[in-house]
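Residue numbers (full-length UniProt numbering), protein chains in the order written: chain A, 1 to 465; chain B, 1 to 465.
We treat Cβ as the ideally placed atom computed from N, Cα and C, and that holds for glycine.
Quick notes on the structure that follows.
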């Protein structure tokens with residue numbers, strides 16, 4: 001069934017006052033790969049208005065593109081082709097509906113930024129553990145739609161693991177009311193987790209009940225220089241053995257990343273300049289175990305085993321924030337340098353050292369490039385980004401970009417890894433999914449999409465092309 | 001489309017040697033509520049043979065009832081009505097396929113018992129955290145199919161949270177090969193979590209890659225007498241505040257439960273006999289924090305606040321095992337006493353004390369009964385079981401059983417709780433789901449069922465009647 005472009009007739013069917021002017025902020029995306037088109041922008045104020053918008057679009061056969069903070073990196077929230085869609089923004093649904101510190105539960109609307117959700121938890125004496133570089137802009141709806149990851153997944157899991165229940169509007173305009181505050185509820189199919197990570201192709205999440213967590217009694221943060229990724233993994237195992245359940249972050253940073261920071265963001269202080277590889281480690285500790293003592297014991301053992309060559313322990317919250325700031329500025333430095341190609345990959349932990357050797361050798365054979373590999377080593381999730389050699393321009397690599405991407409992804413898939421660890425499929429990786437996805441899984445996905453969205457109005461072209 | 005009974009023609013279409021004699025162990029269930037019927041029993045040896053069985057059943061329009069260890073409590077694995085089905089047992093698919101201590105991952109076939117999976121993890125120097133009273137018999141396939149819970153959910157989540165990937169046969173006989181060993185993989189819809197908890201109605205899980213975890217450096221176990229459920233919840237909050245991430249179990253035990261043990265299992269030693277309510281607390285502690293010191297600090301603060309009136313701290317592994325044995329024997333004592341009605345419910349934590357007051361008053365008005373309420377308080381999951389008054393027989397309550405069940409479930413639902421926290425829907429609670437489930441959620445479940453299993457051959461009558 002062909003979709004119609006969003007038009008005046010549709011506009012007259014929408015709830016009063018939901019239309020917004022079509023502005024650039026609804027059409028762009030961070031890497032500038034896609035430019036969206038918007039026939040109409042609707043910003044409903046309630047789940048009932050969202051349902052009315054969806055019903056009107058279904059009746060008019062107009063596509064809906066859900067739009068959160070617009071920080072997604074795979075083109076999931078822009079529709080550059082096809083009939084002009086209606087862009088659905090939940091920016092006016094940004095309230096906290098309920099905060100229950102005694103249950104460690106918070107109910108938030110999907111238009112809140114992730115940072116605002118964190119703030120609400122903090123105001124209740126708790127924390128919301130999900131943390132991302134883009135948290136000041138990213139909205140909860142997008143965070144859930146993409147099943148976002150970030151720096152605390154090692155301990156807390158992705159967005160999916162922190163969500164207890166959702167309210168959503170399904171493609172037929174019905175309202176799924178399932179904002180439960182329960183840790184356990186085995187009453188039928190897991191629709192919550194199906195909508196989470198579906199990138200807006202199966203419905204619109206309008207609110208969610210979220211797990212909060214107690215603020216840990218102590219926090220230990222350190223930057224540690226390691227000889228290489230294999231030693232970093234051995235250090236991770238050592239830390240998990242000593243502090244099982246308390247290792248909340250384990251981020252890998254390459255020497256190239258430090259070079260980039262020094263080059264384009266020289267104001268960022270580097271505690272271990274020149275380290276070929278380093279790790280940002282964070283432990284959340286119970287009462288009775290002093291952070292310094294915990295770190296020093298670990299460090300002593302790790303140095304004796306040759307896993308760590310140098311280290312800087314945060315002696316204050318300010319110093320810990322400084323270490324995290326270094327980590328969080330890596331993407332910004334990358335943007336300023338300008339990548340040839342970037343890859344959000346995950347691998348089984350034991351495959352990582354060999355993958356890095358083999359991928360480095362393969363890319364060296366394809367030309368003169370720099371590789372900045374960093375990311376969430378504890379989750380096996382690396383941001384493996386390829387840059388021009390010093391003094392060369394991105395454009396010099398235009399003819400090789402596609403080949404580089406394909407070669408890296410093929411090498412990841414051959415090692416039982418994923419070509420999209422945390423960013424999702426969006427529109428950027430639909431061909432990768434069609435090529436490398438398990439055929440039975442793809443067929444089941446298509447059957448579910450057809451069953452829940454028979455008109456194909458929900459974010460068409462995303463996930464399943 | 002009507003289903004045919006399993007018959008000789010179907011038998012001739014199955015892979016050679018998969019048929020087993022139809023025995024009682026394929027037809028019964030622990031509470032004796034249902035008696036299954038089996039036209040044929042098939043026990044395939046490989047996923048390919050499972051696929052062949054499913055294809056043959058699809059061609060013959062014969063229903064398939066998947067059968068694990070048969071420990072489910074809601075009739076999910078017995079089909080008492082309709083044309084005789086084929087019973088599919090994975091008892092011959094019980095191998096460990098892969099153990100990766102360096103990745104904390106284990107790949108196991110669905111016919112393994114949960115205890116055997118735990119043993120395999122232990123042999124690799126790790127642990128598989130899921131723990132249930134029936135773990136010696138329950139099979140992994142059933143554990144995943146039911147999204148089983150148990151005593152370690154507070155820290156580790158349900159079965160779903162411990163599964164990284166699955167291999168499964170879908171209703172059309174296609175094989176979903178998605179045994180990933182990855183912590184992060186955002187490449188499309190979450191079919192894994194959809195099949196987990198679907199109780200065999202959307203496909204047959206044949207193997208799974210599972211998360212292992214490091215063995216904690218220290219374990220602290222205590223039985224603590226508390227004045228009541230409200231104080232138990234305050235104690236939980238206190239423990240979480242001191243030891244966030246380290247509280248691995250928090251089980252509530254009522255005085256009635258202790259009475260039952262004394263009555264029918266007097267050999268079970270009771271460290272705190274006569275306590276009106278008690279809590280079994282377990283902390284998994286990092287190196288550097290002595291279990292005794294941790295518990296004593298907590299206890300001191302809890303006693304000062306009036307949350308704990310007495311306590312017994314396990315001074316050895318044997319003593320901890322003794323505390324756990326008491327907890328694990330509660331269901332056995334209940335069976336010997338013989339319940340009028342049992343309820344596997346969950347509630348928002350803050351609702352629990354009032355619910356217990358109100359439900360107790362309501363039942364007192366319905367007759368003379370004893371209530372044994374115990375369970376996973378940390379998850380808000382209570383086994384709220386109703387028994388005859390002393391000296392009365394179960395049969396004396398036959399006329400009130402349905403009314404009691406309905407009244408308890410209605411009270412749970414009115415307080416935003418669940419009428420099935422961890423046991424699932426099976427055949428026992430299909431009417432509850434149809435009555436209390438969110439209509440949009442039910443409609444979406446039916447659409448998904450019809451899309452993936454258009455012939456309706458997968459465990460018909462379970463979950464969705």
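C-alpha distance - residue i paired with residue j, whole-angstrom precision
i, j, result
"residue 13(A)", "residue 91(A)", "21 Å"
"residue 248(A)", "residue 152(A)", "6 Å"
"residue 115(B)", "residue 173(B)", "29 Å"
"residue 75(A)", "residue 17(A)", "28 Å"
"residue 429(B)", "residue 122(B)", "36 Å"
"residue 112(A)", "residue 45(A)", "13 Å"
"residue 466(A)", "residue 149(A)", "The structure shown has nothing for residue 466(A), since chain A only spans 1 to 465."
"residue 23(B)", "residue 81(B)", "18 Å"
"residue 421(A)", "residue 413(A)", "12 Å"
"residue 98(A)", "residue 308(B)", "30 Å"
"residue 160(A)", "residue 184(A)", "14 Å"
"residue 283(B)", "residue 378(B)", "13 Å"
"residue 339(A)", "residue 223(A)", "26 Å"
"residue 170(A)", "residue 204(A)", "7 Å"
"residue 457(B)", "residue 449(B)", "10 Å"
"residue 460(B)", "residue 192(A)", "23 Å"
"residue 388(A)", "residue 236(A)", "31 Å"
"residue 158(B)", "residue 240(B)", "19 Å"
"residue 497(A)", "residue 392(A)", "In the structure as shown, chain A starts at 1 and stops at 465, and residue 497(A) therefore has no counterpart that could be examined."
Those residues which DSSP pairs with residue i across a bridge
i, result
"residue 402(B)", "Paired residue(s): none; residue 402(B) is not in a bridge."
"residue 222(A)", "281(A) and 313(A)"
"residue 376(B)", "381(B)"
"residue 165(B)", "209(B)"
"residue 329(B)", "Residue 329(B) pairs with nothing; no bridge assigned."
"residue 253(B)", "278(B)"
"residue 175(A)", "169(A)"
"residue 96(B)", "108(B)"
"residue 190(A)", "DSSP, once it has assigned bridges, lists no residue as partnering residue 190(A)."
"residue 370(A)", "387(A)"
"residue 519(B)", "What is shown of chain B runs 1 to 465, which leaves residue 519(B) out entirely."
"residue 127(A)", "213(A)"
"residue 86(A)", "40(A) and 64(A)"
Sequence-distant residues of the same chain with beta carbon closer than 8 Å to residue i, five excluded per side
i, result
"residue 348(B)", "380, 415, 416 and 417"
"residue 42(B)", "14, 18, 19, 20, 53, 86, 87, 88 and 89"
"residue 366(A)", "400, 403, 404 and 407"
"residue 35(A)", "27, 28, 78 and 80"
Close-in-space but distant-in-sequence residues of the same chain around residue i (CB under 7 Å, 5 per side omitted)
i, result
"residue 268(B)", "261, 325, 326 and 329"
"residue 126(A)", "101, 104, 212, 213, 214 and 215"
"residue 314(A)", "221, 222, 320 and 323"
"residue 195(A)", "166, 168, 202, 203 and 205"
"residue 31(A)", "73"
"residue 232(B)", "226, 252, 277, 279 and 377"
Own chain partners of residue i with C-beta closer than 6 Å, once the 5 adjacent residues on each side are dropped
i, result
"residue 197(B)", "147"
"residue 257(A)", "330, 372 and 374"
"residue 95(B)", "109"
"residue 253(B)", "278 and 374"
"residue 218(B)", "285 and 291"
"residue 274(B)", "none"
Given a limit of 9 Å on CB to CB distance, which residues of the region 421-435 of chain A reach chain B? 421, 422, 423, 424, 425, 429, 432 and 433
For the region 383-412 of chain A, which residues have a beta carbon sitting closer than 9 Å to at least one beta carbon of chain B? none
Is the region 80-97 of chain B in contact with the region 198-209 of chain B, if contact means three or more CB pairs nearer than 8 Å? yes
Against chain A, which members of the region 165-194 of chain B pass a CB distance test of less than 7 Å? 170, 174, 175, 176, 177, 178, 180, 181, 182, 183, 184, 185, 186, 187, 188, 189, 190, 191, 193 and 194
Got a sec: which bits of the region 238-252 of chain A sit with their beta carbon under 9 Å from any beta carbon on chain B, in order along the chain? 240, 241, 242, 243, 244, 245, 246 and 248
Touching by the beta-carbon criterion (3+ pairs, under 8 Å), the region 397-409 of chain B and the region 121-141 of chain A: no
Closer than 7 Å, Cβ to Cβ, to anything on chain A: give me those residues from the region 340-359 of chain B, in chain order. 346, 348, 349 and 350
So, does the region 358-368 of chain B touch the region 442-450 of chain B, judging by three or more C-beta pairs under 8 Å? no
Identify each residue in the region 260-284 of chain A for which the Cβ-Cβ distance to at least one residue of chain B is less than 7 Å, and report them in chain order. 284
Residues, ordered as in the chain, of the region 93-112 of chain A that lie near chain E by beta-carbon distance below 9 Å: Any reference to chain E falls outside this structure, whose protein chains are A and B.
Contact set between the region 363-383 of chain A and chain B, restricted to residues whose Cβ is under 9 Å from the partner: 376, 378, 379, 380 and 381
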